[in-house]
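Novice: Take a look at this one; I'll ask things after.
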Amino acid sequence: MFTKAFRSVSVSRKVAMLALFIAVSVVANSVLGVDIGASNKIAFTYLVCFFAGCMMGPVPAFIVGVVGDAIGFLIQPVGVFWFFGVTLGLFGFLTGLIMNGIRTKTVKGLYAKAVLAFAVGFVVVTCIVNSVINYFYSYLFYWDGIFKKGFWIYLGGRLGIQSVVYVANAVLSMLLLVPLYRLPLLGDRRLGDPADRDE
């Protein structure tokens, strides 16, 4: 549940790395995020959770998603977003499992894992969990207890915007993926054998 590199550093460094990722998540959520309606928000929190999962593992990434979003919500409360920290944490957790659970030694393999992580996250987190939460939140608080539209119609409309947000996060992550893997952020790991840190 932790990368080899993350396990190998001191407790103080672990705490510092978690704090850094949480702080960046808060900034991405409350400062850089743009509210565009009751059920949609443009933010780069997926990017933060993706790299938290890559560099520290599933459990730290889950913590980053939950705590970062909770603090962001306290700074800038918006609708149902207080609950999205759990789903952001789930995205980071899934990313950590995929990026650190599948072994590869090539740049192509690294990108393939990243594409898989974002695809799984999109289906599980964006299409299913977040959309179901938003749908019933709208039913309870915006539609006065009446289903004003079917779930599939609602999902189609929501995914039009969320797909743009998701693609923006995925593209930025892909652009930063190799440069960040080349840095010895948590020890001496290098792109030459990124899977070594997962054992």
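In numbering that gives the first Met the number 0, the protein residues as written are 0 to 198.
We treat Cβ as the ideally placed atom computed from N, Cα and C, and that holds for glycine.
Here the structure is a predicted model, which is why all the values come from computation and not from measurement.
1) Please report the straight-line C-alpha distance between G159 and V170, rounded to a whole angstrom.
2) With distances taken from CA atoms, which of V106, C53, V85, G95 is nearest D68?
3) Taking only three categories from DSSP, how would you classify A42?
4) On the premise that G91 lies in contact with V63, defined as a C-beta separation below 8 Å, what is that separation, rounded to the nearest angstrom?
5) Take S162 as the anchor and find which of L89, I21, A42, A51 has the nearest alpha-carbon.
6) Measure how close the beta-carbons of F20 and A51 come, nearest whole angstrom, since I'm counting them as under 8 Å.
7) Put S7 into one of helix, strand or coil per three-state DSSP.
8) Would F43 pass as an interface residue toward chain C - the criterion being a Cβ-Cβ separation below 9 Å?
9) Give the straight-line distance between the Cα atoms of K199 and V14, rounded to the nearest whole angstrom.
10) From this set, I74, F72, L89, which residue's C-alpha is nearest P57's C-alpha?
11) Taking the alpha-carbon positions, what's the I152 to T44 distance?
12) Does at least one heavy atom of the ligand ATP sit under 8 Å from the Cβ of L19?
13) Cutting at 8 Å between CB atoms, please list the residues of its own chain near A116, excluding the five before and the five after it.
14) Can you tell which of F150, G108, F135, V25 has the C-alpha that lies nearest to the C-alpha of V66?
15) Please state whether the Cβ-Cβ distance between W134 and L154 is less than 9 Å.
16) Alpha carbon to alpha carbon, how far is A37 from I132?
17) Report the rounded CA-to-CA distance for V164 versus V10, giving the unit in angstroms.
18) Would you mind sorting F5 into buried or exposed? The rule is 16 or more other CB atoms within 10 Å of its CB.
19) Measure the C-alpha to C-alpha separation of K147 and V8 and round it to an integer number of angstroms.
20) Could you check how far apart the C-beta atoms of T103 and K112 are, in whole angstroms? I think they sit under 8 Å.
Specialist: So, from the listed chains and residues:
1) By one-based count along the sequence shown, residue 159 stands at place 160. By one-based count along the sequence shown, residue 170 stands at place 171. Per the coordinates, the alpha-carbon of G159 lies some 17 Å from the alpha-carbon of V170.
2) Taking the sequence shown and counting its residues from 1, the one referred to as residue 68 is at position 69. Checking every option, the nearest Cα to that of D68 belongs to V85.
3) For this step, residue 42 is matched to residue 43 along the sequence shown. Coil.
4) Reading the sequence shown from its first residue, position 64 is the one you call residue 63. Reading the sequence shown from its first residue, position 92 is the one you call residue 91. 6 Å between Cβ atoms; contact.
5) Your numbering for residue 162 matches position 163 in the sequence shown. Nearest of L89, I21, A42, A51 to S162, Cα basis: A42.
6) Residue numbering aside, residue 20 sits at position 21 when the sequence shown is read from its first letter. Residue numbering aside, residue 51 sits at position 52 when the sequence shown is read from its first letter. That pair is a contact at about 5 Å.
7) To locate residue 7, count along the sequence shown from 1; it is residue 8. In this structure, S7 counts as helix in the three-state DSSP scheme.
8) Protein chain content of the structure displayed is limited to a single chain, and chain C is not contained in it.
9) Lying outside 0 to 198, the shown extent of the chain, residue 199 is not represented and no answer is given.
10) Position 58 of the sequence shown, counted from the start, is the residue given in the question as residue 57. Checked all of I74, F72, L89; the closest Cα to P57 is L89.
11) The residue labelled residue 152 in the question sits at position 153 within the sequence shown. The residue labelled residue 44 in the question sits at position 45 within the sequence shown. I152 and T44 have their C-alpha atoms some 26 Å from each other.
12) Absent from the structure shown: the ligand ATP. Ligands present: none.
13) On the sequence shown, position 117 is the one that residue 116 refers to. So the qualifying residues of the chain are F49, G52, L93, T94, I97, M98.
14) As a working mapping, residue 66 is identified with position 67 in the sequence shown. When only C-alpha atoms are compared, the closest one is V25.
15) Position 135 of the sequence shown, counted from the first residue, corresponds to residue 134. Position 155 of the sequence shown, counted from the first residue, corresponds to residue 154. In the sequence as presented, Trp is not what sits at residue 134; that position holds Tyr. Yes, the Cβ-Cβ distance between Y134 and L154 is below 9 Å.
16) Within the sequence shown, residue 37 is the residue found at index 38, counting from 1. Within the sequence shown, residue 132 is the residue found at index 133, counting from 1. Note that A37 scores a pLDDT of 48, beneath 50, so its modelled location is shaky; the value from the coordinates is reported in the next line. Using only the alpha carbons, I get a separation of about 12 Å.
17) Here residue 164 corresponds to residue number 165 of the sequence shown, with the count starting at 1. Here residue 10 corresponds to residue number 11 of the sequence shown, with the count starting at 1. Straight-line Cα distance between these residues: approximately 35 Å.
18) Counting from one through the sequence shown, the residue named residue 5 turns up at place 6. Buried, because 16 or more other Cβ atoms sit within 10 Å of the Cβ of F5.
19) For the purposes of this step, residue 147 is taken as residue 148 along the sequence shown, with counting starting at 1. For the purposes of this step, residue 8 is taken as residue 9 along the sequence shown, with counting starting at 1. Going by the C-alpha atoms only, they are around 53 Å apart.
20) Taking the sequence shown and counting its residues from 1, one reaches residue 103 at position 104. Taking the sequence shown and counting its residues from 1, one reaches residue 112 at position 113. Rounded, the Cβ-Cβ distance is 6 Å, consistent with contact.
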